[in-house]
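> The numbering used here applies: residue 129 is where the sequence shown begins, and numbers increase by one.
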Amino acid sequence: MLDLLSRPLAETDPQVAEIIHNEEQRQESTLELIASENHVSVAVRSANGSVFTNKYAEGYPGKRYYGGCVNMDAVEELARTRAKQLFNAEYVNVQAHSGAQANTAVYCAALKPGDTILSLDLAHGGHLSHGLKVNFSGAWFNVVPYGVERDTEQVSMATVRKLALEHKPQLIICGASAYPRTVDFAGFADVAKECGARLMADIAHIAGLIAAGLHPTSIGVADFTTTTTHKTLRGPRGGMIFCNTEDDYKLINRWIFPGTQGGPLMHTITAKAVAFGEALRPEFREYQQQVASNAKALAESLQSKGYRLVSGGTDNHLMLVDLRDVHPDLTGKQAEAWLEAAGIITNKNMIPFDERKPTQTSGLRLGTPALTTRGMKEAEMAQVADLMHQALSAGDDTATAENIRNKVRELCGQFPLPHGEG
Ligand code: DSN
129 MLDLLSRPLA ETDPQVAEII HNEEQRQEST LELIASENHV SVAVRSANGS
179 VFTNKYAEGY PGKRYYGGCV NMDAVEELAR TRAKQLFNAE YVNVQAHSGA
229 QANTAVYCAA LKPGDTILSL DLAHGGHLSH GLKVNFSGAW FNVVPYGVER
279 DTEQVSMATV RKLALEHKPQ LIICGASAYP RTVDFAGFAD VAKECGARLM
329 ADIAHIAGLI AAGLHPTSIG VADFTTTTTH KTLRGPRGGM IFCNTEDDYK
379 LINRWIFPGT QGGPLMHTIT AKAVAFGEAL RPEFREYQQQ VASNAKALAE
429 SLQSKGYRLV SGGTDNHLML VDLRDVHPDL TGKQAEAWLE AAGIITNKNM
479 IPFDERKPTQ TSGLRLGTPA LTTRGMKEAE MAQVADLMHQ ALSAGDDTAT
529 AENIRNKVRE LCGQFPLPHG EG
């Protein structure tokens with residue numbers, strides 16, 4: 129038995145090994161433009177695949193429900209210390225399994241069923257866990273959405289204020305999944321104070337930019353800040369919650385465990401500690417600066433080819449492309465498929481006031497975190513825009529798509545992904 133358990137995956141389960149190998153090849157040879165994805169370091173992967181996966185550690189450092197937690201305590205303390213240093217925060221819970229779990233714990237801490245939430249409409253860049261009817265948040269709470277303005281395609285604090293004073297929400301949510309502009313956390317905090325609401329900022333997308341000081345911070349401004357750890361922050365897939373007071377911290381800890389989660393994913397918390405350590409290094413700030421510069425370069429290159437960008441551009445790592453000016457009949461769904469055939473990975477996305485359904489859409493969401501991790505810079509962004517335009521113009525001409533696919537392989541070959549065994 130021990131012999132079997134000690135043999136390499138390729139020997140014991142060649143089927144799974146082959147699927148993993150295929151995924152490695154896919155990631156290596158394609159241009160990853162999904163704004164919420166990234167390529168983690170070998171060190172993060174190594175920690176995530178470590179023996180910490182073997183251990184139950186329900187509870188928190190120093191107060192566990194299982195024996196043998198000495199190293200669990202050490203690593204969770206380290207993750208917390210690094211997260212607080214990175215974001216200049218007072219209190220953090222690093223056990224949230226995901227961004228949606230982090231949001232759920234905040235709702236449980238701040239709301240009662242039937243209370244009112246004011247949050248950004250999913251169709252205007254929000255997130256399903258911010259109150260979509262089919263999500264727990266929309267099913268249990270009364271959700272009032274705010275959107276972007278028709279003319280600017282940006283959030284107007286005047287509109288948010290008007291809605292907040294009219295509906296008197298218990299919780300206001302700011303932060304988004306597909307919003308290319310700066311979020312005015314201080315403006316939201318003013319509105320929340322005026323109408324007596326608590327404020328939650330979901331910084332899942334822009335956490336890396338905030339950590340690097342390239343976007344105003346929500347920490348210490350919003351009552352609760354939730355985030356994922358795997359997007360611009362470039363850590364393992366997971367979540368985390370910051371708050372400002374001991375009372376809120378106690379509530380959040382209680383609502384993560386035992387409120388909504390059981391045993392923490394200690395291997396993921398270990399990998400979070402590694403990722404936060406990486407983010408505390410000076411190279412991380414340079415990386416984030418390049419992410420933002422690359423987003424601007426990609427946006428300008430696409431605009432020079434006639435593509436309209438929602439709100440006219442980007443302040444962060446992502447942009448929303450309105451396909452209609454250049455390709456009036458092309459849906460986001462079809463565009464995503466044609467681009468994938470050429471080795472360019474994106475996701476279809478509603479644009480504000482989209483007349484097409486969410487399953488079709490008129491737009492694409494693009495982001496630069498993953499390409500920047502490979503070492504690509506502004507010159508490569510111009511090439512990427514060119515390849516995208518070629519692929520979208522070629523449509524279902526498979527020979528042209530294959531030709532573009534080869535160019536994509538060549539470009540990826542010049543910028544290899546992190547390699548090696550941890
Ligand atoms: N699904 C994530 C995204 O792509 O933005 C958010 O959770």
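Ideal Cβ positions, reconstructed from N, Cα and C, are used throughout, including at glycine.
On a CA-only basis, which of 214, 228, 271 and 226 is nearest residue 240? Give me that one, please.
For this step, residue 240 is matched to residue 112 along the sequence shown. Closest by alpha carbon: 271.
> Quick one: what's got a C-beta closer than 7 Å to residue 347's C-beta in the same chain, skipping five residues either side?
In the sequence shown, the residue the question calls residue 347 occupies position 219. These residues qualify, in order along the chain: 215, 216, 217, 353 and 370.
> Below 8 Å, how does it come out for the segment 485-497 and the segment 446-459: are there three or more Cβ pairs, yes or no?
Result yes; three or more Cβ-Cβ pairs closer than 8 Å.
> Take residue 155 and list the residues in its own chain whose beta-carbon comes closer than 8 Å to its own, dropping the five residues that flank it on each side.
Residue numbering aside, residue 155 sits at position 27 when the sequence shown is read from its first letter. Correct list, in chain order: 167 and 545.
> Please write down, chain order preserved, every residue whose beta carbon lies under 5 Å from a heavy atom of the ligand DSN.
This selection yields 164 and 305.
> Leaving out the 5 sequence neighbours to the left and right, which residues in its chain are closer than 6 Å to residue 163 when beta-carbon positions are compared?
Translated into positions along the sequence shown, residue 163 becomes position 35. These residues qualify, in order along the chain: 446, 493 and 495.
> For residue 248 versus residue 472, is the C-beta spacing smaller than 8 Å?
As a first step, residue 248 must be located in the sequence shown, where it is residue number 120. As a first step, residue 472 must be located in the sequence shown, where it is residue number 344. Contact flag unset, no.
> For residue 467, which residues does DSSP report across the bridge?
Your numbering for residue 467 matches position 339 in the sequence shown. Residue 467 is not bridged to any residue.
> Excluding the 5 residues flanking residue 204 on each side, which residues of the same chain have their C-beta closer than 6 Å to its C-beta?
Counted from its first residue, the sequence shown places residue 204 at position 76. Correct list, in chain order: 189 and 397.
> Could you give the residue range of the alpha helix (DSSP H) that holds residue 604?
This structure gives no information on residue 604, because the portion of the chain shown stretches from 129 to 550.
> With 16 as the cutoff for other CB atoms within 10 Å, does residue 487 come out buried or exposed?
Counting from 1 along the sequence shown, the entry for residue 487 is found at position 359. Looking at its Cβ environment, which holds fewer than 16 other Cβ atoms inside 10 Å, residue 487 is exposed.
> Who are the near neighbours of residue 489 in its chain, counting only those whose CB is closer than 7 Å to its CB and skipping five residues on each side?
Residue numbering aside, residue 489 sits at position 361 when the sequence shown is read from its first letter. Closer than 7 Å at the Cβ level, and outside the excluded window around residue 489, lie 459, 460, 461, 476, 477, 478 and 482.
> When the distance is taken between beta carbons, is residue 300 closer than 8 Å to residue 444?
On the sequence shown, position 316 is the one that residue 444 refers to. On the sequence shown, position 172 is the one that residue 300 refers to. No, these two residues do not count as a Cβ contact at 8 Å.
> Roughly how many whole angstroms lie between the Cα atoms of residue 144 and residue 177?
Indexing the sequence shown from 1 puts residue 144 at position 16. Indexing the sequence shown from 1 puts residue 177 at position 49. Roughly 16 Å between the two C-alpha positions.
> So the candidates are 394, 508, 395 and 470; which of them puts its Cα closest to the Cα of residue 427?
Taking the first residue of the sequence shown as 1, we reach residue 427 at position 299. The shortest C-alpha separation from residue 427 is found at 508.
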